[in-house]
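Structure first, commentary second.
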Amino acid sequence: MTTTTVIESPVNYLNVKHTVASWLLTKDHKRIGLMYMAVVTLGFLVGAVFAAGIRLELATPQGDLVSSDTYNRMFTMHGVAMVFFVLIPAVPAILGNFVLPLMLGAKDVAFPKINLLSWYVFVVGMILTFGAMLTGGVDTGWTFYPPYSTDQSDSNVFLTGLGVFVTGFSSILTGLNFMVTIHRMRAPGLTWFRLPLFVWAVYATSLVQILGTPVIAITVLMLALERVAGLGIFDPTLGGDPVLFQHLFWFYSHPAVYIMILPPMGAISEVIACFSRKQVFGYSFVAFSSLAIAVFGFLVWAHHLFVAGISPYSAMVFSILTYAVAVPSAVKTFNWTATMYKGAIWWKAPMIWVFGFLGLFLIGGLTGLFTASLGVDIHIHDTYFVVAHFHYIMVGGAIMGYFAGLHFWWPKMTGRMYSDAAAKVAAVLVFVGFNLTFFPQFILGYLGMPRRYHMYPPEFQVLNVMSTGGAMILGVGYLLPMIYFTWSFFYGEKAGANPWLATGLEWTTQSPPLPENFPDTPIVTEGAYDYAKRETRVA
Amino acid sequence: MPNGLAAHADDHVHAHHPAQQHHFETLQQQAEASTLGMWIFLVTEVMFFGGLFTAYMIYRLWYPEAWAEGSRELDIQLGGFNTVVLIGSSLTMAMAVRAAQTGRRIATVVQLIATMVLGLTFLVVKFFEYKHKYELNHIPGPNFTFEGPHADQVQIFISLYFAMTGLHALHMVIGFGIMSVILWMAWKNRFSPEWYTPVELTGLYWHFVDIVWIFLFPLLYLVDRAGHFA
Numbered sequence: 002m003t004t005t006t007v008i009e010s011p012v013n014y015l016n017v018k019h020t021v022a023s024w025l026l027t028k029d030h031k032r033i034g035l036m037y038m039a040v041v042t043l044g045f046l047v048g049a050v051f052a053a054g055i056r057l058e059l060a061t062p063q064g065d066l067v068s069s070d071t072y073n074r075m076f077t078m079h080g081v082a083m084v085f086f087v088l089i090p091a092v093p094a095i096l097g098n099f100v101l102p103l104m105l106g107a108k109d110v111a112f113p114k115i116n117l118l119s120w121y122v123f124v125v126g127m128i129l130t131f132g133a134m135l136t137g138g139v140d141t142g143w144t145f146y147p148p149y150s151t152d153q154s155d156s157n158v159f160l161t162g163l164g165v166f167v168t169g170f171s172s173i174l175t176g177l178n179f180m181v182t183i184h185r186m187r188a189p190g191l192t193w194f195r196l197p198l199f200v201w202a203v204y205a206t207s208l209v210q211i212l213g214t215p216v217i218a219i220t221v222l223m224l225a226l227e228r229v230a231g232l233g234i235f236d237p238t239l240g241g242d243p244v245l246f247q248h249l250f251w252f253y254s255h256p257a258v259y260i261m262i263l264p265p266m267g268a269i270s271e272v273i274a275c276f277s278r279k280q281v282f283g284y285s286f287v288a289f290s291s292l293a294i295a296v297f298g299f300l301v302w303a304h305h306l307f308v309a310g311i312s313p314y315s316a317m318v319f320s321i322l323t324y325a326v327a328v329p330s331a332v333k334t335f336n337w338t339a340t341m342y343k344g345a346i347w348w349k350a351p352m353i354w355v356f357g358f359l360g361l362f363l364i365g366g367l368t369g370l371f372t373a374s375l376g377v378d379i380h381i382h383d384t385y386f387v388v389a390h391f392h393y394i395m396v397g398g399a400i401m402g403y404f405a406g407l408h409f410w411w412p413k414m415t416g417r418m419y420s421d422a423a424a425k426v427a428a429v430l431v432f433v434g435f436n437l438t439f440f441p442q443f444i445l446g447y448l449g450m451p452r453r454y455h456m457y458p459p460e461f462q463v464l465n466v467m468s469t470g471g472a473m474i475l476g477v478g479y480l481l482p483m484i485y486f487t488w489s490f491f492y493g494e495k496a497g498a499n500p501w502l503a504t505g506l507e508w509t510t511q512s513p514p515l516p517e518n519f520p521d522t523p524i525v526t527e528g529a530y531d532y533a534k535r536e537t538r539v540a
Numbered sequence: 076m077p078n079g080l081a082a083h084a085d086d087h088v089h090a091h092h093p094a095q096q097h098h099f100e101t102l103q104q105q106a107e108a109s110t111l112g113m114w115i116f117l118v119t120e121v122m123f124f125g126g127l128f129t130a131y132m133i134y135r136l137w138y139p140e141a142w143a144e145g146s147r148e149l150d151i152q153l154g155g156f157n158t159v160v161l162i163g164s165s166l167t168m169a170m171a172v173r174a175a176q177t178g179r180r181i182a183t184v185v186q187l188i189a190t191m192v193l194g195l196t197f198l199v200v201k202f203f204e205y206k207h208k209y210e211l212n213h214i215p216g217p218n219f220t221f222e223g224p225h226a227d228q229v230q231i232f233i234s235l236y237f238a239m240t241g242l243h244a245l246h247m248v249i250g251f252g253i254m255s256v257i258l259w260m261a262w263k264n265r266f267s268p269e270w271y272t273p274v275e276l277t278g279l280y281w282h283f284v285d286i287v288w289i290f291l292f293p294l295l296y297l298v299d300r301a302g303h304f305a
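So the sequences go chain by chain: U and G.
To get the working numbering, take the position in the first sequence, counting from 1, and add 1.
To get the working numbering, take the position in the second sequence, counting from 1, and add 75.
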């Protein structure tokens with residue numbers, strides 16, 4: 002299977018029907034993927050506005066722009082918007098929806114109606130949460146710890162919690178759908194070890210979504226009952242335990258980090274193989290490391306509670322397990338590096354985003370080990386060190402990986418190319434802007450600046466101004482793709498079925514794909530990354 | 076859409092079962108996917124209830140006396156009666172699935188109605204239990220009153236009682252709604268030995284709801300009943 006000529010049909014999933022109803026009632030996974038992209042981009046803009054507010058306030062040591070109370074609401078709503086409405090759905094619900102059935106040689110996901118339902122559930126959750134933001138917002142921190150979220154807050158905790166609760170079911174339904182799809186919808190000959198690594202990553206993610214998300218749902222429900230009816234479950238005056246909330250919350254919310262990072266890791270595997278023109282080094286290790294991350298990810302939650310008064314013995318166990326979860330992540334990073342080694346690296350935009358991902362994920366991952374260490378964590382807990390660490394993973398890792406995947410699959414999604422040069426500029430701007438924003442925060446945290454305050458001692462101003470300046474560059478880096486992708490959608494050069502000469506079933510059908518994906522069900526006879534048999538590259 | 080139509084014609088050389096959806100290759104693939112989906116959904120349900128069970132477990136270990144006190148407030152006879160009713164409804168549900176599998180339409184309809192009647196019986200009994208709690212001011216919150224040395228912790232027990240049985244009852248109401256649809260489909264003779272997946276999936280769901288109760292009954296009603304059975 003070297004150069005396959007694809008017979009183009011004039012009909013594709015985008016132009017098959019044009020009415021608004023044909024989008025809002027579609028059961029096509031590709032259209033649902035794009036609809037997710039629209040709402041997630043909206044969520045990103047909302048989260049970004051709050052981030053800009055935070056960085057502007059922190060440009061000066063005095064709390065001169067907003068009040069403490071407003072500042073509390075800003076960082077809370079930044080976190081809520083970014084975590085629940087951007088990071089968790091970004092790669093699985095946008096890229097996963099679009100490419101997963103194509104990669105499997107299937108006509109659609111197993112349950113197309115449930116897929117559409119999950120989008121509507123997501124939108125309802127978003128309306129509730131953003132409605133809460135518009136009517137005064139919420140000031141508890143995105144973690145909703147009681148008593149901040151029970152009797153100590155007069156903000157819209159209930160409505161925000163309801164929105165998060167509803168949105169969770171969208172994530173559960175997506176995970177369920179993808180898991181059944183991977184089990185039951187693979188094309189003939191597509192055995193488990195011929196699956197692209199993105200599919201393995203999405204599978205591991207689905208596992209976390211179905212096991213973790215119901216727990217946050219019930220936890221938020223208990224919190225809502227506590228707040229509204231005064232149940233007492235989290236109220237120490239009755240004998241309830243607020244720390245129980247933290248356990249239940251992090252039982253989901255730590256694995257949720259792997260919902261955010263595993264699918265981008267899968268996208269990275271695809272892009273790195275294509276643009277190194279090489280088989281992924283240690284395929285099965287990369288595949289199983291995804292599952293290992295999903296499983297270990299459930300056993301580390303209490304590292305968020307090291308200073309919450311948990312028993313020192315359980316803290317030790319959780320610290321060791323947290324170190325253990327770094328192993329499969331390191332396996333991936335080493336294997337990606339080994340994939341590039343002696344590969345014919347093709348300097349196209351998706352690969353530049355991958356380089357950015359690798360650098361930022363490396364720093365984010367290694368600083369995670371600092372926070373996993375019991376002694377060091379006492380010093381850096383609730384400081385900007387932690388803020389910097391998780392932004393390196395969630396933004397540096399997950400969002401860079403999302404953009405790598407988006408730049409890779411964009412020609413497939415739209416049938417058009419974008420400006421390679423502009424995309425490279427954006428990748429470099431994001432990388433530089435990101436480091437300038439968040440690296441100073443490691444130092445700030447180490448020096449003792451706590452998170453979630455809108456005032457700080459004057460000696461921290463230089464580093465904070467650097468951070469604010471970096472955030473501006475970062476903002477430009479994120480705006481650029483919106484511009485050149487929009488341009489590309491209407492005026493971009495035609496991409497053809499396989500502009501990257503990539504392996505994988507999604508590249509064997511036309512771009513944009515047919516409404517039913519493939520003219521005939523494909524039959525698979527080889528592994529996922531048989532780049533050895535392909536011509537090396539085009540100019 | 077010329078290309079799509081051509082592919083469609085190729086696919087449909089053999090007539091498909093009317094229930095088969097277009098994106099599946101065979102009816103069997105569809106049934107396997109639906110069943111797997113239902114099992115995964117039940118796993119999410121286990122995790123959903125799991126949060127409450129965890130809270131229950133921790134506070135029971137901390138406050139065993141309050142748990143015993145609170146448990147004695149529950150009516151073991153009504154709870155026991157409901158347990159029998161619910162196990163009975165699982166039996167009729169299993170018989171409904173079997174009837175659908177063997178293509179007996181009237182038997183499917185009758186067994187589904189029996190399951191729904193038993194489910195409704197459970198909910199009516201539950202309503203009177205809740206009503207009794209309300210009359211005693213045992214609803215958690217500012218108006219909660221309880222005579223005893225561990226009143227505050229008993230409130231946590233009662234809170235968990237309401238949360239757990241309330242969530243369980245909500246699942247039964249949803250099951251009731253699903254069964255109404257399935258009943259209508261069975262009445263319209265939509266099922267056959269070749270395709271009865273919806274009945275089977277409803278059965279799986281209903282058995283799950285039953286099993287939750289099988290755990291809830293001893294955990295809530297029988298905490299401290301040795302020697303207290305009256």
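Positions of the beta carbon are idealized from the N, C-alpha and C atoms, including for glycine.
Trp193 (chain U): not part of any alpha helix (DSSP H); DSSP gives it neither H nor E.
Contacts between Thr220 (chain U) and chain G, judged by CB atoms closer than 8 Å, involve Gly126 in chain order. In terms of CA proximity to Ile400 (chain U), U:Ile260 leads the group U:Lys534, U:Leu208, U:Ile260, U:Asn157.
Rounded to the nearest angstrom, the Cβ distance from Gly267 (chain U) to Trp201 (chain U) is 7 Å, consistent with a contact under 8 Å. Interface residue (Cβ-Cβ distance to chain G less than 7 Å): Pro215 (chain U) is classified as such. Counting along the chain, the unbroken alpha helix (DSSP H) around Val272 (chain U) starts and ends at 243-277.
Thr469 (chain U) has its alpha-carbon roughly 14 Å from the corresponding atom of Phe443 (chain U).
Membership of Tyr532 (chain U) in any alpha helix (DSSP H) is not indicated, and neither H nor E is assigned to it by DSSP. Between the stretch 352-371 of chain U and the stretch 404-422 of chain U, the count of Cβ pairs shorter than 8 Å is three or higher; the stretches touch. Check the Cα spacing between Glu527 (chain U) and each of U:Glu271, U:Trp193, U:Ser254: the tightest is with U:Trp193.
Scanning U:Arg278, U:Phe166, U:Val203 for the CA closest to the CA of Met223 (chain U) turns up U:Phe166.
For Asp109 (chain U), the chain G residues whose Cβ falls inside 8 Å of its Cβ are His98, in order along the chain. A direct Cα-to-Cα measurement between Gly137 (chain U) and Gly162 (chain U) gives close to 14 Å.
According to the DSSP assignment, Thr161 (chain U) belongs to the alpha helix (DSSP H) that extends over 158-185. Membership of Val172 (chain G) in the alpha helix (DSSP H) is indicated by the continuous run 151-176.
Rounded to whole angstroms, Met483 (chain U) and Met38 (chain U) show a C-alpha spacing of 12 Å. In this structure, the straight-line span from the alpha carbon of Ala244 (chain G) to that of Phe123 (chain G) is close to 14 Å. The beta carbon of Ile234 (chain U) falls within 7 Å of a beta carbon belonging to chain G, placing the residue at that interface. Residues of the stretch 104-123 of chain G with a Cβ closer than 9 Å to any Cβ of chain U, in chain order: Gln104, Gln105, Glu107, Ala108, Ser109, Leu111, Gly112, Ile115, Phe116, Val118, Thr119, Glu120, Val121, Met122, Phe123.
Look at Gly216 (chain G): its C-beta is under 7 Å from a C-beta on chain U. For Asp227 (chain G), the enclosing alpha helix (DSSP H) begins and ends at 226-262. Leaving aside the five residues that flank Ala133 (chain U) on each side, the residues in its chain whose CB is nearer than 7 Å to its CB run, in chain order, Val139, Asn157, Leu160, Thr161, Gly164. DSSP places Thr71 (chain U) within a helical segment (H, G or I) once states are collapsed to three.
In summary, the residues of the stretch 128-152 of chain G whose CB is separated from some CB of chain U by less than 9 Å are Thr129, Ala130, Ile133, Tyr134, Trp137, Tyr138, Ala141, in the order they occur in the chain. Under a criterion of Cβ atoms nearer than 7 Å, the residues of chain G adjacent to Pro113 (chain U) are, in order, His98. A residue is called buried once 16 or more other Cβ atoms fall within 10 Å of its Cβ, and Ile128 (chain U), having fewer, is exposed. Within the stretch 216-231 of chain G, the residues whose Cβ lies closer than 7 Å to any Cβ of chain U are, in chain order, Gly216, Pro217, Asp227, Gln228, Gln230, Ile231. The beta-carbon separation of Val258 (chain U) and Ser290 (chain U), rounded to 15 Å, does not stay under the 8 Å limit for a contact.
Listed by position along chain G, the residues whose Cβ is nearer than 7 Å to that of Gly231 (chain U) are Pro215, Gly216, Pro217. The alpha carbon of Pro93 (chain G) has as its nearest neighbour, out of G:Leu295, G:Leu294, G:Leu276, G:Ser267, the alpha carbon of G:Ser267. The beta carbon of His255 (chain U) sits no closer than 7 Å to any beta carbon of chain G. Here the stretch 509-516 of chain U lies against the stretch 412-428 of chain U, with 3 or more beta-carbon pairs under 8 Å apart. Taking a Cβ-Cβ cut-off of 7 Å, Met78 (chain U) has no neighbours in chain G, whose nearest Cβ is about 25 Å from it.
Within the same chain, and ignoring the five residues on either side of Val67 (chain U) in sequence, the residues whose Cβ sits closer than 8 Å to its Cβ are Gly54, Glu58, Met75, His455. Contact between Ala111 (chain U) and Met186 (chain U) holds, with the beta-carbon distance rounding to 6 Å and staying under 8 Å. Between Ala171 (chain G) and Gln228 (chain G), the C-beta spacing is not below 7 Å.
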